[in-house]
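Please read the structure below before turning to the comments.
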Amino acid sequence: MEDVGCGVRAVSDAETPDESATVSEIEDATVPATAGPRRRPSWFRGGFPAVAAAVLLLASAVAAASVYWWLYRPDRLTDDAAQQQVVAAAKAGTEAILTYSPENLDADLAEARSHLTEPFLDYYRDFTERVVSPAARDKGVKTEANVARAGVSQIRPGRAEVLVFVNQVTTSKDRPTPALATSSVLVTLVNTDGRWLISDFKPI
Amino acid sequence: MTAREDDSADIPAEPAEAQEPDADRPRRRVTPRSAVLALAALLIGATLSATALMIVEHTRAAAQRAQDSACVEAARHGVIALLSIDHNRARQDVQRVLDLSTGAFRDDFARDADDFVRTAVDAQAVTRGSVAAAALQSIRDGEGVVLVAASSKVTNAGGARADPRPWRMSVTVTREGDTWKMSDVEFVP
């Protein structure tokens, strides 16, 4: 207190105009800052832009997330790359299902099963036990399939239908001369943990 | 001088304490607030830009899908027309095939059209085609290859019906203006 008094006095003695100007400047700066803009800004001038920014940020984030989830992501999951994967999986799976030989039967069937998922996997297990295995073991049926052509019939995220044209050559003990059979199959695939697996296999 | 220096050193020391917070307080308050606001504006801008880019990309993908299905539909209709010839209206049926075709296939078919009509009339046959499945094999630059699993059923003059005969076809479809037309038809053996 004393120091201040001294200081003020000394100043007022020496440079009165300058110092009073400084004081008034200080007061100008402090008074409006405390009384005027400072009380209002806290909830109007400062609050409004903050609230507006928060709302806009939230709205734009929601918009971006929605567009990503409902439009962009489904597009990516069905784009050219996905279609190529689906077709490749359908070809490999179809050839595996329709290729087996008596010498290598268990491995061939296991290989085929690795391309399948429910509900077709169940049907395939049953069918191979009842029909394929006895035919291969007893009649020496050996068959080899290759996919001549394949294309995407339908695709949506996680599920696709592929049309394949299959050529299959079959021999057996009774008919050692290779017999060619051609067919068309509509293969349904579902994406399971990043892999496209065959869930239905419909000759048409 | 020394006294004044001392004094002036004293004086600013006091006001400086009072002044600094006051002069800086608005600046210090505004600075973080405006920094946060600027960051928010930046984030909003970036988010909106990303959204706009995704929408542009989606529009492109949607147009591609529309094109894909138009291409497949054209092949489907073309194959049904090709496999559906009624001897009672053979000329119209052949004309319909021509309307759905273009390029080399149309030229070939137009050249053989009269023979085709005559054969249908002579055989008194009605063939009816149907498509079990169609799939896009590839598409690029206004030309697509569509695989079609079709079948045709023939009824002849005697009323005899043959079992449906399956066909595996590969149809090349070419864009002509707004429509897609068959430009090549190949039977896959």
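Here the protein sequences come in this chain order: D and F. Numbering of the first sequence is given in the numbering used here, commencing with residue 878 and proceeding in unit increments. Numbering of the second sequence is given in the numbering used here, commencing with residue 792 and proceeding in unit increments. Where is the CB? At the ideal position from N, CA and C, for every residue including glycine.
*ALA959 (chain D) burial status per 10 Å Cβ neighbour count (16 or more: buried)*: By 1-based counting over the first sequence, the position of residue 959 (chain D) is 82. Looking at its Cβ environment, which holds 16 or more other Cβ atoms inside 10 Å, ALA959 (chain D) is buried.
*Closest Cβ-Cβ distance between ALA955 (chain F) and chain D: below 8 Å?*
In the second sequence, counting from the first residue as 1, residue 955 (chain F) sits at position 164. At residue 955 (chain F) the sequence reads Pro, which differs from the Ala that was named. Closer than 8 Å: no.
*Return the chain-ordered ranges of every alpha helix (DSSP H) run that is complete within the stretch 920 to 946 of chain D and spans a minimum of 4 residues.*
924 to 944, all fully within the stretch 920 to 946 of chain D.
*Given that HIS849 (chain F) touches chain D, what residues does it touch there, using C-beta distances under 8 Å?*
If you number the second sequence from 1, residue 849 (chain F) lands on position 58. For HIS849 (chain F), the neighbours in chain D by C-beta distance under 8 Å run, in chain order, VAL944, LEU948, TYR949 and ASP952.
*Since THR1020 (chain D) sits in a beta bridge, which residues does DSSP pair it with?*
The count along the first sequence starts at 1 and reaches residue 1020 (chain D) at position 143. Per DSSP, D:TYR977 and D:THR1047.
*Quick one: using the 10 Å Cβ neighbour count with 16 as the cut-off for buried, is ARG966 (chain F) buried or exposed?*
Residue mapping note: residue 966 (chain F) aligns to position 175 of the second sequence, counting from 1. The residue is buried, with at least 16 neighbouring Cβ atoms inside 10 Å.
*Check the DSSP bridge columns for LYS972 (chain F) and list the partner residues they point to.*
Within the second sequence, the letter at position 181 stands for residue 972 (chain F). Answer by DSSP bridge pairing, in chain order: F:THR965.
*Have a look at ALA829 (chain F) and SER840 (chain F) and give me their C-alpha separation to the nearest angstrom.*
Here residue 829 (chain F) is taken as the residue at index 38 of the second sequence, counted from 1. Here residue 840 (chain F) is taken as the residue at index 49 of the second sequence, counted from 1. The C-alpha of SER840 (chain F) is placed about 16 Å away from the C-alpha of ALA829 (chain F).
*What's the C-alpha gap between SER1030 (chain D) and ALA931 (chain D)?*
Taking the first sequence and counting its residues from 1, the one referred to as residue 1030 (chain D) is at position 153. Taking the first sequence and counting its residues from 1, the one referred to as residue 931 (chain D) is at position 54. Computed Cα separation, rounded: 46 Å.
*beta strand (DSSP E) containing ARG952 (chain F): first to last residue?*
As a working note, residue 952 (chain F) is residue 161 in the second sequence. Counting along the chain, no beta strand (DSSP E) covers ARG952 (chain F), and no H or E run does either.
_Considering Cα atoms alone, identify which of F:VAL945, F:GLY950 and F:GLY949 is closest to ARG956 (chain F)._
As a working note, residue 956 (chain F) is residue 165 in the second sequence. The alpha carbon of ARG956 (chain F) has as its nearest neighbour, out of F:VAL945, F:GLY950 and F:GLY949, the alpha carbon of F:VAL945.
*Taking 8 Å as the CB-CB cut-off, is PRO996 (chain D) touching chain F?*
The residue given as residue 996 (chain D) occupies position 119 in the first sequence. No, its Cβ sits nowhere closer than 8 Å to a Cβ of chain F.
*Establish whether the CB of SER921 (chain F) and some CB of chain D are separated by less than 8 Å.*
Position 130 of the second sequence, counted from the first residue, corresponds to residue 921 (chain F). No, SER921 (chain F) does not count as interfacial toward chain D.
*Where do the ends of the alpha helix (DSSP H) carrying LEU993 (chain D) lie?*
Counted from its first residue, the first sequence places residue 993 (chain D) at position 116. Judged by DSSP secondary structure, LEU993 (chain D) falls outside any alpha helix (DSSP H); it is assigned neither H nor E.
*Could you tell me whether the stretch 1017 to 1027 of chain D touches the stretch 904 to 921 of chain F, where touching means 3 or more Cβ pairs closer than 8 Å?*
The stretch 1017 to 1027 of chain D is not in contact with the stretch 904 to 921 of chain F.
*Can you tell which of D:ALA1037, D:GLU1021 and D:VAL1067 has its C-alpha closest to the C-alpha of ALA1056 (chain D)?*
Along the first sequence, read from residue 1 onward, the residue named residue 1056 (chain D) stands at position 179. Closest in alpha carbon position to ALA1056 (chain D), among D:ALA1037, D:GLU1021 and D:VAL1067, is D:GLU1021.
*Reference PRO1034 (chain D), options D:VAL1043, D:LEU948, D:LEU954 and D:TYR1000, closest by Cα*: Within the first sequence, numbered from 1, the residue matching residue 1034 (chain D) stands at position 157. The shortest Cα separation from PRO1034 (chain D) among D:VAL1043, D:LEU948, D:LEU954 and D:TYR1000 belongs to D:LEU954.
_I'd like to know whether the C-beta of LEU1066 (chain D) is nearer than 8 Å to at least one C-beta of chain F._
For this step, residue 1066 (chain D) is matched to residue 189 along the first sequence. No, no contact with chain F.
*Could you tell me which residues DSSP pairs with ASP1077 (chain D) in its beta bridges?*
On the first sequence, residue 1077 (chain D) is found 200 positions in, with the first residue counted as 1. Looking at the DSSP assignment, ASP1077 (chain D) forms a beta bridge with D:THR1065.
*Simplified DSSP assignment, three categories, for GLN928 (chain F)*: Here residue 928 (chain F) refers to the residue found at position 137 when the second sequence is read from its first residue. It is a strand residue.
*asked:* Just to confirm, is the Cβ distance from THR994 (chain D) to THR1059 (chain D) under 8 Å?
replied: By one-based count along the first sequence, residue 994 (chain D) stands at place 117. By one-based count along the first sequence, residue 1059 (chain D) stands at place 182. Between THR994 (chain D) and THR1059 (chain D), the C-beta gap is not smaller than 8 Å, which leaves the two residues out of contact.
*Assuming ASP952 (chain D) and ALA852 (chain F) make a contact with CB atoms under 8 Å, what is their CB distance in whole Å?*
The residue you call residue 952 (chain D) lines up with position 75 of the first sequence. The residue you call residue 852 (chain F) lines up with position 61 of the second sequence. Correct: roughly 4 Å between the Cβ atoms.
*May I ask you to verify whether the stretch 969 to 977 of chain F touches the stretch 860 to 869 of chain F, counting CB pairs closer than 8 Å and requiring at least 3?*
Of all C-beta pairs linking the stretch 969 to 977 of chain F to the stretch 860 to 869 of chain F, three or more are shorter than 8 Å, placing the two stretches in contact.
*To the nearest angstrom, how far is it from the Cα of ASP831 (chain D) to the Cα of ARG1072 (chain D)?*
As displayed, chain D neither begins before 878 nor continues past 1081, which places residue 831 (chain D) out of reach and without an answer.
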